[in-house]
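Enquirer:
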Amino acid sequence: MDIEQLKDTFRQRYGREADGAVRAPGRVNLIGEHTDYNDGFVLPIAVERETVALYARREDEEGNFASLQADEPASFTLTAGPAIRPGKPAWANYCRGVAAMLFREEVPLVGVDVLFSSDVPLGGGLSSSASLEVATAYALLAAAEQFKAVPDMRLAQLCQEAENKYADSPCGLMDQAIAILGKKGRALLLDCRYRTTRQIHFDNPDVVAMVVDTHVKHEIAAGGYARRRAECLRACEHMHIKALRDADLQTIAGNEGDGRLSYPEVHRARHVVTEIQRTLDGAQALEAGDYEGFGKLMYRSHESLRDQFEVSCDELDAVVESASKCDGVYGARMTGGGFGGCAIVLARADKADDIGKTVSADFEQRFGHAPSLFTTHATDGASVLW
Ligand code: GLA
1 MDIEQLKDTF RQRYGREADG AVRAPGRVNL IGEHTDYNDG FVLPIAVERE
51 TVALYARRED EEGNFASLQA DEPASFTLTA GPAIRPGKPA WANYCRGVAA
101 MLFREEVPLV GVDVLFSSDV PLGGGLSSSA SLEVATAYAL LAAAEQFKAV
151 PDMRLAQLCQ EAENKYADSP CGLMDQAIAI LGKKGRALLL DCRYRTTRQI
201 HFDNPDVVAM VVDTHVKHEI AAGGYARRRA ECLRACEHMH IKALRDADLQ
251 TIAGNEGDGR LSYPEVHRAR HVVTEIQRTL DGAQALEAGD YEGFGKLMYR
301 SHESLRDQFE VSCDELDAVV ESASKCDGVY GARMTGGGFG GCAIVLARAD
351 KADDIGKTVS ADFEQRFGHA PSLFTTHATD GASVLW
């Protein structure tokens with residue numbers, strides 16, 4: 001991203017220099033899908049795509065937010081707290097939510113002018129929204145010199161709550177946590193029940209994560225995610241447990257036999273229970289540098305998301321299938337919420353170009369449009385640039 005150009009745009013828009021800049025990355029999840037809101041484990045990395053926010057303090061308490069990726073800017077009083085309501089333009093609801101949550105947390109905010117620029121594909125399954133929330137939080141905290149006021153994990157929870165309440169998206173904690181806690185060369189093993197973390201080595205330069213964006217967003221995406229959450233909750237009620245993390249395959253089978261659990265709950269529960277185990281096994285495999293072993297778990301994860309959790313689609317299945325036939329691929333799976341979006345392919349770095357060409361050509365031949373593709377290593381979570 002060209003920071004000098006962004007500084008110029010800031011100057012043109014606000015008539016003065018920016019005081020500072022912060023960044024927050026997008027993410028791709030290596031394994032552990034639809035487990036975060038079931039109190040399970042996830043294993044994402046922060047990717048080399050990010051949202052940058054330039055900011056300048058104001059004398060009053062107004063927040064002005066503009067983005068190179070949006071036509072319309074937004075303004076509201078940062079200290080209005082609960083009086084900050086979701087509104088138009090919709091993209092700024094992430095900013096409104098974060099400001100409201102920081103206010104509730106009693107962080108003394110100061111007025112700011114903010115300009116965002118992002119190369120995280122919007123709505124493409126790489127958590128562009130979490131990177132916007134976290135970039136907003138960092139800009140507000142930096143302007144108010146209040147970083148110490150909110151510990152990292154708490155900040156992730158506040159950003160998640162902002163998305164839940166202001167963007168009407170019932171997401172779990174994964175995206176916001178990795179956008180803050182990501183580390184270069186590490187994947188983040190996050191225990192979503194106890195909110196504890198372990199940084200797992202993912203720094204072999206010969207291995208890359210390839211992100212394949214299908215550019216597909218199926219209609220069902222928004223409602224489908226909420227429905228899956230509700231099905232998981234129902235499964236818990238039938239089994240009298242707090243979260244699917246507390247279930248195992250035996251309990252599920254027992255309840256199925258008793259007639260308490262039936263389709264779709266039983267399938268959703270099976271996915272979550274096995275996916276949590278695959279995530280723990282995956283972290284161990286990665287730590288040992290066993291990419292073959294990790295890749296096999298990725299394929300199992302994809303099958304489970306396709307057949308049990310039913311959140312894949314033809315385009316994602318096609319990417320996984322075509323990648324699986326390429327030399328140098330360890331494993332592949334859909335990543336994120338599903339119903340379109342991205343797949344991730346774990347591959348040998350020296351084969352990545354060939355793999356990319358094959359997967360793209362197969363995809364284009366079948367669906368009539370090319371996916372976009374980039375390779376990434378694990379990078380750092382949000383930071384202050386200057
Ligand atoms: C979306 C949500 C996350 C998580 C994934 C599925 O990305 O934002 O919280 O639930 O789906 O693993």
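For the sequence shown, the working numbering gives the first residue as 1, with consecutive numbering after it.
For every residue, glycine included, the Cβ atom is placed at its ideal position computed from N, Cα and C.
Could you check the C-alpha separation between D258 and L286 for me, to the nearest Å?
Expert: 39 angstroms
Enquirer: For R104 versus G87, is the C-beta distance shorter than 8 angstroms?
Expert: No, the Cβ-Cβ distance between R104 and G87 is not below 8 angstroms.
Enquirer: Straight-line CA distance for N204 to I252?
Expert: 39 angstroms
Enquirer: Going by other Cβ atoms of all chains shown within 10 Å of its Cβ, with 16 needed for buried, is D60 buried or exposed?
Expert: exposed
Enquirer: Between which two residues does the alpha helix (DSSP H) holding D206 run?
Expert: Careful: D206 lies outside any alpha helix (DSSP H) and carries neither H nor E.
Enquirer: Going by DSSP, which residues form a beta bridge with C342?
Expert: D213, T335
Enquirer: Assuming M210 and A347 form a contact by the criterion Cβ under 8 angstroms, report the distance between their Cβ atoms to the nearest whole angstrom.
Expert: A347 and M210 do touch by the CB rule: their CB atoms are close to 6 angstroms apart, below 8 angstroms.
Enquirer: With three or more C-beta pairs closer than 8 angstroms as the rule, is the stretch 131 to 148 touching the stretch 12 to 26?
Expert: Yes, the stretch 12 to 26 touches the stretch 131 to 148.
Enquirer: Consult DSSP for E163 and reduce its assignment to one of helix, strand or coil.
Expert: helix
Enquirer: Which residues in the same chain as A167 place their Cβ atom closer than 7 angstroms to its Cβ, once the five residues preceding and following it in sequence are excluded?
Expert: So the qualifying residues of the chain are N93, Y94, G97, S129.
Enquirer: Assuming E275 and V266 are in contact, meaning their beta carbons sit under 8 angstroms apart, how far apart are those beta carbons, in whole angstroms?
Expert: Contact between E275 and V266 does not hold, since their C-beta atoms are separated by about 15 angstroms, which reaches or exceeds 8 angstroms.
Enquirer: Looking at C-beta atoms only, is the number of pairs between the stretch 192 to 203 and the stretch 330 to 350 that lie closer than 8 angstroms three or more?
Expert: no
Enquirer: Could you give the first and the last residue of the continuous alpha helix (DSSP H) run that contains S129?
Expert: Residues 128 to 144.
Enquirer: To which residues of the same chain is T387 closer than 6 angstroms at the C-beta, ignoring the five residues directly before and after it?
Expert: There is no way to answer for residue 387, as the model of the chain reaches only from 1 to 386.
Enquirer: State the Cα-Cα distance for the pair Y299 and N38, rounded to the nearest angstrom.
Expert: Those two C-alpha atoms are separated by around 21 angstroms.
Enquirer: When you compare the stretch 113 to 122 with the stretch 66 to 75, are there three or more beta-carbon pairs, one atom per stretch, that lie closer than 8 angstroms?
Expert: yes
Enquirer: Looking at F76 and L280, is the spacing between their C-beta atoms short of 8 angstroms?
Expert: No, these two residues do not count as a Cβ contact at 8 angstroms.
Enquirer: Hey, could you find the ends of the beta strand (DSSP E) G376 is sitting in?
Expert: This sequence places Thr at residue 376; Gly is not what is there. Looking at the DSSP string, the run of the beta strand (DSSP E) that includes T376 is 372 to 376.
Enquirer: Let me check understanding here. Comparing Cα to Cα, which of D353, G32, R16 lies closest to A187?
Expert: G32
Enquirer: Please return the same chain residues whose Cβ sits closer than 7 angstroms to the Cβ of R366, not counting the five positions on each side in sequence.
Expert: A318
Enquirer: Report the residue from D246, A283, V216 whose alpha carbon sits nearest the alpha carbon of G338.
Expert: It is V216.
Enquirer: Regarding G123 and the ligand GLA, is the C-beta to nearest heavy atom distance less than 7 angstroms?
Expert: no
Enquirer: Please report how far the alpha carbon of Q277 lies from the alpha carbon of V134, in whole angstroms.
Expert: 29 angstroms
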